[in-house]
Each structure stands twice: as C-alpha cells, then as structure tokens.
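Protein chains in written order, with the working numbering: chain A, 26 to 209; chain B, 844 to 1036.
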C-alpha cells in the first residue's frame, strides 16, 4: 500500500465509525481493534494495548487514541507521513460527531420548556450511568492483564473518590510499579 | 441564541467567559487530566473552581454529551462553548481541549514507535493503563452519588449495565429501547419543579 492509499483507508475507516461512538469513545475500542489489528494489520496486538495505555495516560481526551492508531498505520512510510495520517485519522473520527453535537448544543436551550427535553434529561441520566459502568468494566479488562493491575486500578479509583490527593500522584505510583515490573 | 443562553445562565453567572477564556480553560482541563478521568477534572475546574456552571447543569451537559455520538470530552466542550458563546465558543473550546494535547501525544507516539523495543517503556505503559482504568471507574461512582437515593434511576442503570456487560447487547439497541422507557418513566407531571 502506498502512503496515500494507507491514509485513505485510515480516513474512511474512522469516518465510518464516527457516528457510532455513542456513550463515549471507549465503546469503539473493540471496533478499532478489529479494523487496525485484524483487518488491516497496521499494528500488532501488543502495540495496540501499549498505545491504549499511552493515550489514556497522556493529558487530553482519551479519544486521541485514534490519532496514535493513524500514526502507527502511517509509520512504515516515515515519520512525516505518520503525522499526516495521524491528524487525518483524528479529524475523520471527530468531524461527523462534532457536527451533530454542534447542532444539538445550538438547539438544546430552545427546547427548554418542552416536556420532551425534561424527560430526555431526567430519563437518560440513569441510562448513561449504566453505560458508564459498563464501559468502565470494558476498560478495566482491556487495560489490565494481571491481578496486581486490577488491584492498582481499584486503589486509584478508591483514593480519587475518598481523598483530595492529585491523581497525578497515583499515575506516578502506577507508572513506577509498571517500570519495576509489578504490573505485567 | 445569545439571548437564550443569557436567560439560562442568569441564575448561575453574571459575566460569561469569552472565547479566549474558553480556549485557555479547556486547555487547562486537558492538561490537568493527566491519566484520564477528564470529566472528573472538568467538573473540578469548571464547577468547583471557576463556578461557571452549577453541578446540576454540568451533569445535564455531560448527559447530552454522552447521548450524542462522539467522544464525551469533545462533545462536552462543544456544549460548554455553545451555551456561553454559541458556535465560535464551541470551536474555541474544542480547539482548547485537543490542539496542544494532541500534538504532544503525536510526538510521544513517534518516540514510542522509535523506541518501543525497550522493555521498560512497555512496562511503564502497562502501569499507566491500570491507573487510567481506575480513574475511569471513579467517574461512574461520582455520578452514582447524584442518583444514590433515586431507586428508579438505579434500577434503570443496573438493567442497562446488565444488558451491555452480561448479555452483550450492542449499545445502539440498548439505548433505543431503554431510552424511551426511561423517558416515559420520568415524563414531567404537573407544574415543573
């Protein structure tokens, strides 16, 4: 595949998925894996898991994983093409959904007194809560491959909720535990 | 649009953040959220520290952001930008949340592909992923707080969770079935509030 062909495959893959990323980007994790590892073979399974860790740990929205996947797809054509493919991939995954959200946000306040909107907001909150826990379980399973890793995740969750300690501290501790070889 | 935004926010905030403030604030949110858990951080910065919104309208925004397709944090930025400054506000907020973090991440990505043979790099990433997963989970519990005395809400949430995680139904049909049922259960009766 030439660099330009790769880029087109990347763009079309993520454009196609954009409007299906309901309930947050993580719901597409399986779909990304399927396309990037199984269908196109742009990345190995291990690379996919590593990039997930990197995207989650780095500052910014975790949906930037898509940029890293694009980077991996373009890597064999050199770093410049890798970057071009990465930016293209991110724009492709964000553009359709962002246009829809722009329209939704613009009209949301006009429907303020509509019973439809009130029911929508009150009723869908609990649905979202269920989705959120389900996505959390999927994330836990994707990120963690050992009991110690699970234990670390639950400890981070507990301390984030119960203390005012900066999450950066836990990131640091977990990163160190990883480097020392405790996690995998 | 601006008239309506104003009336919505009257009770919350007298002066609305401008485009630059939105960009700067969202950049701040993005860089604070080192290691995921970004909703947690945007709540801390936008509601607790800057007091641009009440916790209730923040949760509303988060709900809208989660309901529509797209990454939650990008959608949340669109929503926050939109209520304060309309379309330009949305663009400023989205640019703030993603521009610098994305560029930084791509540079880290290039380093990864250059040096991924190093075992320590892989181990570090495994540790970071574990921490990130814990932060993601904590957001669920944070939202659970809002509903902890609402048994109807908890029942709905449990049914949705079980459908997705145990029965492995796809998200779209689950939302299309559970959404309207939940809406009818929460349909406003009598005078509002």
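Heads up, the beta-carbon is just placed ideally off N, CA and C, and yes, glycines get one too.
For clarity, every value in this text was computed on a predicted model and none was experimentally measured.
| task | Kindly indicate if chain A contains any beta-carbon less than 8 Å away from that of residue 983 of chain B. | result | Yes - at least one Cβ of chain A is within 8 Å of the one on residue 983 of chain B.
| message | Here's a check: name, in chain order, each residue in its chain whose Cβ is nearer than 6 Å to the Cβ of residue 107 of chain A, leaving out the five neighbours to either side. | response | The residues are 96, 99 and 100.
| message | Considering only their Cβ atoms, is the gap separating residue 85 of chain A from residue 948 of chain B smaller than 8 Å? | response | Yes; because the gap between Cβ atoms is below 8 Å, this pair is in contact.
| Along the segment 95 to 113 of chain A, what residues have a CB closer than 8 Å to any CB found in chain B? | Taking 8 Å as the Cβ-Cβ cut-off against chain B, the residues of the segment 95 to 113 of chain A that qualify are 96, 97, 100, 104, 107, 108, 111 and 112.
| If you measure beta-carbon to beta-carbon, which residues of the segment 59 to 90 of chain A are closer than 8 Å to chain B? | Residues passing the 8 Å Cβ filter: 71, 72, 74, 75, 76, 77, 78, 79, 80, 81, 82, 83, 84, 85, 86, 87, 88 and 89.
| query | Under a three-way DSSP split, which group does residue 1030 of chain B fall into? | reply | Looking at residue 1030 of chain B - three-state DSSP - the assignment turns out to be coil, as it is neither helix nor strand.
| request: Taking only the alpha-carbon atoms, compute the straight-line gap between residue 153 of chain A and residue 977 of chain B and give it to the nearest angstrom. | output: If I take the Cα positions, the gap works out to 19 Å.
| request: Look at residue 951 of chain B and residue 79 of chain A and say whether their C-beta atoms are less than 8 Å apart. | output: In this structure, residue 79 of chain A lies closer than 8 Å to residue 951 of chain B by Cβ.
| message | For residue 903 of chain B, would you say it is in contact with chain A, using Cβ-to-Cβ distances shorter than 8 Å as the test? | response | Yes - at least one Cβ of chain A is within 8 Å of the one on residue 903 of chain B.
| said: Strictly below 9 Å CB to CB, what residues from chain A border residue 970 of chain B? | reply: Listed along the chain, the chain A residues whose CB falls inside 9 Å of the CB of residue 970 of chain B are 78, 82, 174, 177, 196, 198, 199, 200, 201, 202, 203, 204, 205, 207, 208 and 209.
| said: Within 8 Å of any Cβ in chain A, is that where the Cβ of residue 869 of chain B sits? | reply: Cβ-Cβ to chain A under 8 Å: no for residue 869 of chain B.
| Among the residues of its own chain, which have a CB less than 6 Å from the CB of residue 999 of chain B, if the five just before and after it don't count? | Within the same chain, residue 999 of chain B has close Cβ partners 1025.
| Alpha-carbon to alpha-carbon, residue 1006 of chain B and residue 1017 of chain B | So the two alpha carbons sit approximately 7 Å from each other.
| So what does DSSP say about residue 197 of chain A, is it helix, strand or coil? | Helix at residue 197 of chain A.
| field | Proximal residues to residue 67 of chain A (C-beta, below 6 Å), its chain only, five neighbours per side dropped | value | The answer, listed in chain order, is 61, 97 and 98.
| task | Evaluate residue 132 of chain A with the Cβ neighbour count: other Cβ atoms within 10 Å of its Cβ, from every protein chain shown; 16 or more gives buried, anything less gives exposed. | result | The residue is exposed, with fewer than 16 neighbouring Cβ atoms inside 10 Å.
| Buried or exposed (CB count within 10 angstroms, at least 16 for buried), residue 895 of chain B | It is buried - the Cβ of residue 895 of chain B has at least 16 other Cβ atoms within 10 Å.
| query | Does the beta carbon of residue 133 of chain A sit closer than 8 Å to a beta carbon anywhere in chain B? | reply | Using beta-carbon distances, residue 133 of chain A counts as an interface residue toward chain B, with a partner under 8 Å.
| task | Tell me, please, whether the CB atom of residue 45 of chain A is closer than 8 Å to any CB atom in chain B? | result | Interface residue, yes.
| Length at least 3, wholly inside the segment 57 to 145 of chain A: the beta strand (DSSP E) runs in chain order | Counting whole runs of 3 or more residues, the segment 57 to 145 of chain A contains no beta strand (DSSP E) stretch at all.
| query | Taking Cβ-Cβ distances shorter than 8 Å, what residues in chain B pair up with residue 54 of chain A? | reply | Simply none; closest approach about 12 Å.
| Closer than 8 Å to chain A by CB, residue 992 of chain B | Closer than 8 Å: no.
| For residue 162 of chain A versus residue 1008 of chain B, is the C-beta spacing smaller than 8 Å? | One thing to note: residue 162 of chain A has its Cβ within 8 Å of the Cβ of residue 1008 of chain B.
| request: Would you kindly work out how many angstroms separate the C-alpha atoms of residue 200 of chain A and residue 140 of chain A, rounded to a whole number? | output: Computed Cα separation, rounded: 48 Å.
| For residue 83 of chain A, which option in B:987, B:902 and B:941 has the closest C-alpha, if you only look at C-alpha atoms? | If we check each option's Cα against that of residue 83 of chain A, B:941 comes out closest.
| residue 1021 of chain B: buried (16+ other C-beta within 10 angstroms of its C-beta) or exposed? | Answer is buried; the Cβ neighbour count reaches 16.
| For residue 915 of chain B, three-class secondary structure by DSSP | When secondary structure is reduced to three states using DSSP, residue 915 of chain B falls in the helix class.
| message | Please list, in chain order, the chain A residues whose beta carbon lies closer than 9 Å to that of residue 899 of chain B. | response | At a C-beta separation below 9 Å, residue 899 of chain B has no neighbours in chain A, since its nearest C-beta there lies roughly 10 Å away.
| C-beta neighbour in chain B for residue 116 of chain A, strict 8 Å | The C-beta of residue 116 of chain A comes no closer than 8 Å to any C-beta of chain B.
| task | Pick out the complete alpha helix (DSSP H) segments inside the segment 942 to 1010 of chain B, 4 residues or longer, and give them in chain order. | result | Within the segment 942 to 1010 of chain B, complete alpha helix (DSSP H) segments of at least 4 residues are found at 962 to 989 and 994 to 1004, given in chain order.
| field | Inter-residue spacing [alpha-carbon to alpha-carbon] between residue 125 of chain A and residue 171 of chain A | value | Residue 171 of chain A has its alpha-carbon roughly 39 Å from the corresponding atom of residue 125 of chain A.
| alpha helix (DSSP H) containing residue 862 of chain B: first to last residue? | Residues 862 to 875.
| Does the beta carbon of residue 1010 of chain B sit closer than 8 Å to a beta carbon anywhere in chain A? | Under the 8 Å criterion on CB atoms, residue 1010 of chain B is classed as non-interfacial with respect to chain A.
| So with Cβ pairs under 8 Å, would you call residue 145 of chain A a contact of chain B? | Residue contact check for residue 145 of chain A against chain B: a CB pair falls below 8 Å.
| Comparing alpha-carbon positions, which option in B:897, B:995, B:903 and B:973 lies nearest residue 175 of chain A? | For the options B:897, B:995, B:903 and B:973, the alpha carbon positioned closest to that of residue 175 of chain A is the one of B:973.
| C-alpha distance - residue 65 of chain A paired with residue 94 of chain A, whole-angstrom precision | Taking the straight line from one Cα to the other gives about 12 Å.
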